[in-house]
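Undergrad:
There are 4 protein chains.
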Amino acid sequence: MSRIRLGMVGGGSDAFIGAVHRIASRIDDHYELVAGALSSTPERSKESGAALGLDPARTYGSFDEMAEAEAARDDGIEAVSIVTPNHMHYPAAQAFLSRGIHVICDKPLTATDDHADAMAKAVADSDALFVLTHNYTGYPMIRQARDMVAAGTLGQIRIVQMEYPQDWMMGSPERDGVKQAEWRTDPERSGAGGAIGDIGTHAFNLGGFVTGLTATELAADLHSFGKGRVLDDNAHIMLRFDGGARGMLWCSQVAAGCENGLRLRIYGEKGGLEWGQEDPNYLWFTPQGESTRRITRNGPGASEASTSVSRIPPGHPEGYLEGFANIYTEAAAAIRAVQGGESRDAVMGKLPGIRAGLEGMAFIRACVASSKGNATWTKI
Amino acid sequence: MSRIRLGMVGGGSDAFIGAVHRIASRIDDHYELVAGALSSTPERSKESGAALGLDPARTYGSFDEMAEAEAARDDGIEAVSIVTPNHMHYPAAQAFLSRGIHVICDKPLTATDDHADAMAKAVADSDALFVLTHNYTGYPMIRQARDMVAAGTLGQIRIVQMEYPQDWMMGSPERDGVKQAEWRTDPERSGAGGAIGDIGTHAFNLGGFVTGLTATELAADLHSFGKGRVLDDNAHIMLRFDGGARGMLWCSQVAAGCENGLRLRIYGEKGGLEWGQEDPNYLWFTPQGESTRRITRNGPGASEASTSVSRIPPGHPEGYLEGFANIYTEAAAAIRAVQGGESRDAVMGKLPGIRAGLEGMAFIRACVASSKGNATWTKI
Amino acid sequence: MSRIRLGMVGGGSDAFIGAVHRIASRIDDHYELVAGALSSTPERSKESGAALGLDPARTYGSFDEMAEAEAARDDGIEAVSIVTPNHMHYPAAQAFLSRGIHVICDKPLTATDDHADAMAKAVADSDALFVLTHNYTGYPMIRQARDMVAAGTLGQIRIVQMEYPQDWMMGSPERDGVKQAEWRTDPERSGAGGAIGDIGTHAFNLGGFVTGLTATELAADLHSFGKGRVLDDNAHIMLRFDGGARGMLWCSQVAAGCENGLRLRIYGEKGGLEWGQEDPNYLWFTPQGESTRRITRNGPGASEASTSVSRIPPGHPEGYLEGFANIYTEAAAAIRAVQGGESRDAVMGKLPGIRAGLEGMAFIRACVASSKGNATWTKI
Amino acid sequence: MSRIRLGMVGGGSDAFIGAVHRIASRIDDHYELVAGALSSTPERSKESGAALGLDPARTYGSFDEMAEAEAARDDGIEAVSIVTPNHMHYPAAQAFLSRGIHVICDKPLTATDDHADAMAKAVADSDALFVLTHNYTGYPMIRQARDMVAAGTLGQIRIVQMEYPQDWMMGSPERDGVKQAEWRTDPERSGAGGAIGDIGTHAFNLGGFVTGLTATELAADLHSFGKGRVLDDNAHIMLRFDGGARGMLWCSQVAAGCENGLRLRIYGEKGGLEWGQEDPNYLWFTPQGESTRRITRNGPGASEASTSVSRIPPGHPEGYLEGFANIYTEAAAAIRAVQGGESRDAVMGKLPGIRAGLEGMAFIRACVASSKGNATWTKI
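Here the protein sequences line up with chains A, B, C and D, keeping their order. By the UniProt record's numbering, the letter at position 183 of the first sequence is numbered 183, and the numbering carries on one by one without gaps. By the UniProt record's numbering, the letter at position 109 of the second sequence is numbered 109, and the numbering carries on one by one without gaps. By the UniProt record's numbering, the letter at position 26 of the third sequence is numbered 26, and the numbering carries on one by one without gaps. By the UniProt record's numbering, the letter at position 3 of the fourth sequence is numbered 3, and the numbering carries on one by one without gaps.
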């Protein structure tokens with residue numbers, strides 16, 4: 001089985017997330033990176049391409065150039081990873097989707113609602129796949145949790161507690177030259193959401209992914225603690241779900257001692273589950289009236305939903321990159337299935353796509369609107 | 001130093017909290033239980049008194065009888081513990097306060113706002129002390145946290161995350177003969193708050209105790225998941241504090257796997273703190289930009305605020321009863337100081353009293369009002 | 001039921017363990033401290049007695065004086081707690097045992113083997129009870145573990161890992177005026193064992209208590225890291241048990257970061273158990289081929305062996321003092337049973353007594369002998 | 001920079017460790033797997049090669065065939081990974097070393113001492129690099145620990161506690177068709193060591209790697225609990241190090257609830273360190289007399305020794321595969337340096353090689369000899 005030829009937009013030398021996507025694409029050996037428009041300036045794009053060992057002829061100055069050139073080659077890229085700041089997601093994705101090249105795009109979907117609508121249209125108009133890297137859905141024990149909820153092990157879900165605190169935006173990194181902070185605090189590039197867009201969407205997506213529930217309305221209290229910061233760096237949110245479940249979501253970028261404290265706690269009529277991203281190989285399960293069990297990845301009690309996306313035995317930890325790789329690996333399977341003639345809708349499986357992206361945008365939009373209305377309940 | 005003569009109202013044989021108060025009063029040897037009106041029925045009161053080895057002559061059929069008789073004795077009780085369901089707090093306390101007998105009362109203050117007002121008046125009209133057993137404030141590492149915040153170690157406080165989940169009200173214990181559940185789910189005896197009154201007030205009180213901040217308004221979404229249950233068994237609350245801090249509070253009685261998961265996380269401009277009641281001997285402190293430290297009770301870095309209420313070396317855990325005993329021990333010191341002529345206001349120190357009680361009632365009232373108004377922001 | 005009249009030998013103002021015994025004796029209200037010989041100097045004994053509120057007439061200058069005087073009183077003490085340095089255990093205990101006064105004695109049994117033999121004789125010659133405060137056996141989850149092993153839940157035991165590291169003897173506290181360190185590093189007062197006597201015996205006792213196995217031989221490598229220290233402050237020990245189980249025991253007083261890290265891990269043919277003293281309310285149980293369960297004190301899956309020695313609900317932690325109190329409470333029941341005419345042998349139940357004391361002495365003796373023989377296997 | 005052309009010996013479809021090596025070689029993109037002799041039977045080797053997408057012409061029936069053919073190609077492999085059972089390590093390695101092809105070999109070095117000697121000679125006679133995958137040395141926080149010890153942060157090392165318990169050999173997996181268990185329990189293929197060879201060597205290697213100390217003698221008590229098992233499945237070992245440090249090592253394959261519980265605790269005059277493989281992103285550091293700190297990978301307080309082998313921010317866990325990849329990545333740097341003309345000895349850096357392999361063999365030999373002599377002290 002030959003590797004899928006992959007291109008990348010963004011992800012030059014100082015971009016953390018580009019390297020993550022590249023490693024994730026390599027772990028299970030389904031992709032070969034062969035082309036890139038790695039930076040917004042052609043020179044830096046060339047440099048980054050050289051550092052990665054790309055063919056200079058396939059290191060492009062812009063994504064448009066790349067889309068056109070690659071589409072014209074017999075051995076052109078079959079898929080592209082888009083890892084730019086948010087405001088570039090749509091134009092980049094559109095260029096490839098319109099040429100039938102599959103897109104694997106970072107989240108949130110776009111910076112603006114207009115772009116989101118346009119993205120939806122671009123996806124609808126294309127035959128190519130659109131995968132959004134809500135990478136935390138790739139953690140095996142998240143799959144296990146989703147499977148247990150779907151199997152009714154918890155009974156009807158009542159409470160969904162989501163949180164994602166960080167601390168790296170304490171102080172003013174955006175004024176101290178930290179590029180990652182610069183664009184994330186700039187509404188032009190990031191959109192209307194700060195913490196809610198960057199990490200809140202992850203927590204929100206994960207709550208829905210695991211429970212299978214749709215959040216219908218929310219009340220949000222957004223706040224910017226950083227001096228001169230326009231976008232939220234802390235958000236307190238209450239949620240209501242279809243079927244009567246209630247939830248809370250807290251995300252923050254200024255909570256000292258929190259690194260990537262994404263955590264999910266779900267309680268139903270018959271039991272409860274807890275999972276934390278920083279110790280991701282364990283799922284804590286309590287059936288009502290019994291002792292809490294620690295289910296380990298690939299260990300006793302782990303179901304096919306998690307073992308099928310695990311690589312190594314229990315007790316040998318898999319981490320963030322392996323979870324991310326699961327998205328890439330499932331995307332590869334989907335791409336090959338479509339190439340083999342299956343219908344696009346039939347192959348997405350558990351992969352997050354345009355729908356998850358639009359839900360994330362709706363979440364951001366509802367948060368901002370609710371908060372402006374003094375945390376009034378707002379439909380999502 | 002002779003022991004303080006103590007009476008008890010409520011706390012008969014199947015009442016968990018009565019035994020807790022008795023142990024707490026004994027641990028540091030400042031009290032002698034000499035009288036009781038331990039049950040609402042005279043026969044059961046007698047039986048319980050006999051089981052505790054009380055003088056039958058001082059085992060009373062009602063608190064009124066006890067207040068009158070004890071006040072008339074030369075060796076009558078100096079203080080009384082009130083550990084009844086909430087609706088009895090006021091009438092019982094009033095009977096003793098009006099006779100100059102110090103009162104140590106379980107929380108929340110009362111079941112109704114009318115009673116709360118009357119209680120405030122009864123306290124104001126008496127020279128006796130009124131102590132409310134917000135016992136979690138007695139944990140040494142909570143004292144340490146309060147001390148660190150007051151010393152400015154965290155800088156200005158920004159975020160206050162409080163939670164207190166339990167699971168013992170899953171199913172319908174109130175219909176299965178569990179007395180603890182019966183009165184807690186009955187508005188007549190418990191008041192307008194279910195989980196918010198029983199445990200939410202603890203979390204709320206603790207947040208204020210540690211940060212020194214006043215919560216000014218809240219938005220609450222209360223819910224009853226238990227079949228046929230009138231009072232809330234789950235509450236999601238957003239809060240705003242004087243000075244700009246924001247907070248969240250979650251309490252639940254139906255979260256499988258949670259026993260007494262009271263937890264406090266506080267974040268300021270310069271650092272963060274985490275503490276959990278189930279592992280109470282440790283305080284996790286992160287100064288901005290440094291590694292997280294685990295401060296242990298009586299260990300390195302513990303300040304006088306915590307060591308002064310610790311009994312044993314670090315690594316030998318103290319627990320719930322010792323924290324509770326700290327309230328009793330500080331109450332004993334206050335009682336002796338008042339007996340020695342000091343003014344009542346001067347001796348309360350860190351002890352929770354009528355003010356904490358009224359704040360708790362205001363919290364319950366605001367939660368209920370906000371929730372009825374669809375989680376609209378409500379002044380506390 | 002009236003309280004048992006209790007005396008105390010040792011335990012003056014700067015002795016940590018005296019206060020622990022007093023609190024432990026009060027928690028369940030079975031004792032009243034009425035007499036004491038609290039210090040080796042009469043003046044300090046008087047002062048300490050006054051501080052504790054003892055009747056000056058019953059504050060004695062020596063244990064001999066106390067034994068004689070109390071035995072002569074109609075309301076004399078029924079039991080005595082001995083909390084002196086090790087070398088005083090025997091003479092003090094003998095004075096009371098010979099007068100029919102029950103003895104509750106700190107561990108290890110004595111400082112020397114001669115004293116141990118004499119103690120055994122004194123116990124045999126008396127009708128009074130002799131209880132040794134191997135207090136860790138009082139922790140509820142230790143009872144749970146013992147119960148599970150006895151019930152065969154783990155199958156035949158194969159491996160017993162015991163450890164008890166501390167760090168408070170780093171540096172030279174014995175030369176810096178720390179009294180606790182002075183006598184513990186002095187062979188005259190402590191005996192031939194340093195860490196092995198002070199804390200190693202606890203770990204050894206606990207391994208035997210939980211598994212019900214007898215250690216038959218050991219190989220020990222003792223070492224003194226502290227400058228000029230004569231007794232061991234670190235010990236590495238391998239053990240073999242009746243029935244084929246193997247074990248290891250590590251104790252240390254110079255392991256930075258360890259406070260009272262007593263920990264027990266037991267593995268059998270069918271399952272494993274883990275327990276740590278610093279988080280004592282949880283027992284971790286893994287049945288072969290299944291997920292690990294966290295059994296909580298008084299929670300689901302806790303058996304009568306642990307619930308019967310628990311006071312409060314799961315999630316409200318009990319600690320070291322409550323575990324210690326369980327020994328006192330069971331001693332009270334035994335004393336009352338003997339007073340009621342039952343035979344001494346019938347009432348000890350799970351209480352550690354002279355046999356546990358002699359086993360501890362044999363352990364120390366074997367460790368020292370083995371280590372002198374370069375860790376040769378030595379019968380216990 | 002083009003990828004290093006890599007071959008593999010062993011690692012066919014049901015071999016867990018082959019897949020691990022392949023992923024580890026890909027993560028940082030320094031290798032391209034181009035040839036293999038993946039199984040001991042030519043047919044299965046072909047099948048496995050096809051499954052991996054290898055050129056059928058470079059899928060060989062035996063390592064000899066592969067060594068000869070690849071050495072003859074202009075584009076032949078530059079390096080080979082050997083992931084067979086232990087008894088094949090030497091013959092396979094020899095075939096490639098003798099042809100100047102770099103070898104990355106699984107541990108332990110060989111199954112027999114004769115093979116170990118021969119391997120040492122083969123390495124000495126070759127110009128090629130020999131890297132032994134003591135992969136746990138690649139964990140960033142192990143690098144951090146080594147760096148801190150080397151910098152004197154802990155002062156002189158006193159105590160080294162190593163352990164590696166597992167439970168997957170409970171019961172009789174070797175008779176239930178588990179291939180991993182079959183060869184590991186067979187002295188012909190595994191050598192004289194069971195658990196000590198398979199996992200004990202890892203713990204032993206890690207203790208030496210982090211402390212920089214040489215273990216000089218040991219006393220070992222090996223045991224086989226599994227029915228009919230010849231090799232040890234549990235080992236208790238005491239160790240003495242150059243410079244006076246003492247240590248313990250426990251490894252087991254029958255400890256229920258332990259998955260890959262490799263753990264290292266190191267104590268010096270001035271501080272202590274703890275690290276566990278199952279939660280590898282954290283290093284717990286206690287300076288004497290101060291609070292314990294949790295140092296996180298790539299977080300505050302992490303030094304270049306660890307950050308240089310980290311890929312992603314703190315709080316996003318890296319795991320076993322990333323640690324393994326660090327060995328491959330450093331091997332790639334070493335290979336390129338040698339290819340660039342540097343001397344073999346100058347390029348090994350922290351990479352484990354023939355010396356670590358011989359030390360591991362000496363450890364196994366000493367354990368077996370000591371245990372046969374009833375745990376007598378034996379030079380390593």
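From the three backbone atoms N, C-alpha and C, an ideal C-beta is built for every residue, glycine too. Since the structure is predicted, the reported quantities are computational estimates derived from the model, not experimental observations.
Just verifying my parser: in three-state terms, what is the DSSP assignment at residue 163(A)?
TA: Counting from 1 along the first sequence, the entry for residue 163(A) is found at position 163. Of the three classes helix, strand and coil, the one that applies to residue 163(A) here is strand, per DSSP.
Undergrad: Give the residues of chain A in contact with residue 159(B), contact being defined as C-beta atoms less than 7 Å apart.
TA: Here residue 159(B) refers to the residue found at position 159 of the second sequence. Near residue 159(B) (Cβ distances below 7 Å), the residues of chain A are 234, 252, 255.
Undergrad: Relative to the alpha-carbon of residue 329(C), which residue among 29(C), 152(C), 265(C), 283(C) has its alpha-carbon at the smallest distance?
TA: As a working note, residue 329(C) is residue 329 in the third sequence. The shortest C-alpha separation from residue 329(C) is found at 29(C).
Undergrad: Could you check whether residue 159(A) and residue 367(A) sit closer than 9 Å to each other, using their CB atoms as the reference points?
TA: Residue numbering aside, residue 367(A) sits at position 367 when the first sequence is read from its first letter. Residue numbering aside, residue 159(A) sits at position 159 when the first sequence is read from its first letter. No, Cβ-Cβ distance for residue 367(A) and residue 159(A) is not below 9 Å.
Undergrad: What's the gap between the Cα of residue 188(A) and the Cα of residue 182(A)?
TA: Residue mapping note: residue 188(A) aligns to position 188 of the first sequence, counting from 1. Residue mapping note: residue 182(A) aligns to position 182 of the first sequence, counting from 1. Taking the straight line joining both Cα atoms gives about 11 Å.
Undergrad: By a C-beta neighbour count over all protein chains shown, 10 Å radius and 16 as the cutoff for buried, is residue 203(B) buried or exposed?
TA: To locate residue 203(B), count along the second sequence from 1; it is residue 203. Label assigned to residue 203(B): buried.
Undergrad: Would the beta-carbon of residue 327(C) fall within 9 Å of that of residue 104(C)?
TA: Numbered from 1 along the third sequence, position 327 holds the residue referred to as residue 327(C). Numbered from 1 along the third sequence, position 104 holds the residue referred to as residue 104(C). Yes, these two residues count as a Cβ contact at 9 Å.
Undergrad: For residue 367(B), which residues does DSSP report across the bridge?
TA: Residue mapping note: residue 367(B) aligns to position 367 of the second sequence, counting from 1. None; residue 367(B) has no bridge partner.
Undergrad: Just the C-alpha distance for residue 76(B) and residue 66(B), rounded to the nearest angstrom, thanks.
TA: In the second sequence, counting from the first residue as 1, residue 76(B) sits at position 76. In the second sequence, counting from the first residue as 1, residue 66(B) sits at position 66. Rounded to the nearest angstrom, the two C-alpha atoms are 10 Å apart.
Undergrad: Taking 9 Å as the threshold (C-beta atoms), are residue 59(B) and residue 381(B) in contact?
TA: Chain B is shown from 1 up to 380; residue 381(B) falls before or after that span and cannot be answered.
Undergrad: Should residue 382(C) and residue 84(C) be called a contact, given that it needs their Cβ atoms to be closer than 9 Å?
TA: With chain C covering only 1 through 380, there is no way to say anything about residue 382(C).
Undergrad: Please compile the residues from chain D whose C-beta is within a distance smaller than 9 Å of the C-beta of residue 226(C).
TA: For the purposes of this step, residue 226(C) is identified with residue 226 of the third sequence, where counting begins at 1. By Cβ distance, chain D contributes nothing, its closest Cβ being about 10 Å from residue 226(C), past 9 Å.
Undergrad: For the stretch 157–186 of chain B, enumerate the residues whose C-beta is nearer than 7 Å to any C-beta of chain D, in chain order.
TA: none
Undergrad: Please report the residue range of the beta strand (DSSP E) in which residue 220(D) lies.
TA: The residue given as residue 220(D) occupies position 220 in the fourth sequence. Looking at the DSSP string, the run of the beta strand (DSSP E) that includes residue 220(D) is 215–223.
Undergrad: Say whether the stretch 221–234 of chain B touches the stretch 354–372 of chain B, bearing in mind that this needs 3 or more beta-carbon pairs closer than 8 Å, one atom from each stretch.
TA: Yes, they touch.
Undergrad: Taking only three categories from DSSP, how would you classify residue 352(B)?
TA: By 1-based counting over the second sequence, the position of residue 352(B) is 352. In the structure shown, residue 352(B) sits in coil (DSSP, three-state: anything other than H, G, I, E or B).
Undergrad: So, is residue 46(A) buried or exposed, given that buried needs 16 or more other C-beta atoms within 10 angstroms?
TA: The residue you call residue 46(A) lines up with position 46 of the first sequence. Counting Cβ neighbours within 10 Å, residue 46(A) comes out buried, since at least 16 surround it.
Undergrad: Is there a Cβ of chain C sitting closer than 9 Å to that of residue 301(A), yes or no?
TA: By one-based count along the first sequence, residue 301(A) stands at place 301. Closer than 9 Å: yes.
Undergrad: Kindly indicate if chain B contains any beta-carbon less than 9 Å away from that of residue 59(C).
TA: The count along the third sequence starts at 1 and reaches residue 59(C) at position 59. Not an interface residue.
Undergrad: Going by DSSP, what residues sit across from residue 33(A) in a beta bridge?
TA: Your numbering for residue 33(A) matches position 33 in the first sequence. 6(A), per the DSSP bridge assignment.
Undergrad: Compare the C-beta of residue 386(A) against all C-beta atoms of chain D and say whether one is closer than 9 Å.
TA: Because chain A here runs from 1 to 380, residue 386(A) falls outside it and cannot be looked at.
Undergrad: Which same chain residues end up closer than 6 Å to residue 293(C) when comparing Cβ atoms and leaving out the 5 residues on each side of it in sequence?
TA: Working through the third sequence from its first residue, we reach residue 293(C) at position 293. These residues qualify, in order along the chain: 285.
Undergrad: Anything in chain A within Cβ reach of residue 248(B), meaning under 7 Å, just list it in chain order.
TA: In the second sequence, the residue the question calls residue 248(B) occupies position 248. Per Cβ cutoff of 7 Å: 236, 248, 250.
Undergrad: So, do the stretch 123–131 of chain A and the stretch 251–266 of chain A have three or more beta carbon pairs nearer to each other than 8 Å?
TA: no
Undergrad: At the level of alpha carbons, what is the spacing between residue 157(A) and residue 355(D)?
TA: Locating residue 157(A) in the first sequence gives position 157, counting from the first residue. Locating residue 355(D) in the fourth sequence gives position 355, counting from the first residue. Those two C-alpha atoms are separated by around 57 Å.
Undergrad: Quick check on DSSP: helix, strand or coil for residue 184(C)?
TA: To locate residue 184(C), count along the third sequence from 1; it is residue 184. DSSP places residue 184(C) within a helical segment (H, G or I) once states are collapsed to three.
Undergrad: Since residue 361(D) and residue 110(D) are thought to touch, with beta carbons under 8 Å apart, how far apart are those beta carbons, to the nearest angstrom?
TA: Residue numbering aside, residue 361(D) sits at position 361 when the fourth sequence is read from its first letter. Residue numbering aside, residue 110(D) sits at position 110 when the fourth sequence is read from its first letter. The Cβ separation is near 7 Å, so the contact holds.
Undergrad: Fully enclosed by the stretch 96–173 of chain A, which beta strand (DSSP E) runs are 3 residues long or longer?
TA: 102–105, 130–132, 157–165
Undergrad: Mind listing which residues of the stretch 305–331 of chain C have their C-beta closer than 8 Å to chain B's C-betas, in chain order?
TA: 311, 312, 313, 314, 315, 316, 317, 318, 319, 320, 321, 322
Undergrad: With distances taken from CA atoms, which of 270(A), 8(A), 192(A) is nearest residue 80(A)?
TA: Stepping through the first sequence from its first residue, residue 80(A) is reached at position 80. Answer by Cα proximity: 8(A).
Undergrad: Report the rounded CA-to-CA distance for residue 248(C) versus residue 239(C), giving the unit in angstroms.
TA: Within the third sequence, the letter at position 248 stands for residue 248(C). Within the third sequence, the letter at position 239 stands for residue 239(C). Note on geometry: alpha-carbon atoms of residue 248(C) and residue 239(C) lie some 6 Å from one another.
Undergrad: Smallest Cα separation from residue 43(D): which of 55(D), 16(D), 62(D), 150(D)?
TA: Residue mapping note: residue 43(D) aligns to position 43 of the fourth sequence, counting from 1. In terms of CA proximity to residue 43(D), 62(D) leads the group 55(D), 16(D), 62(D), 150(D).
Undergrad: Would residue 154(C) and residue 272(C) be called neighbours here (beta carbons separated by less than 9 Å)?
TA: The residue given as residue 154(C) occupies position 154 in the third sequence. The residue given as residue 272(C) occupies position 272 in the third sequence. Yes, the pair counts as a contact, with Cβ atoms nearer than the cut-off.
Undergrad: Which chain C residues sit within Cβ distance under 9 Å of residue 53(B)?
TA: Translated into the one-based positions of the second sequence, residue 53(B) becomes position 53. Chain C residues near residue 53(B): 1, 2, 3, 29.
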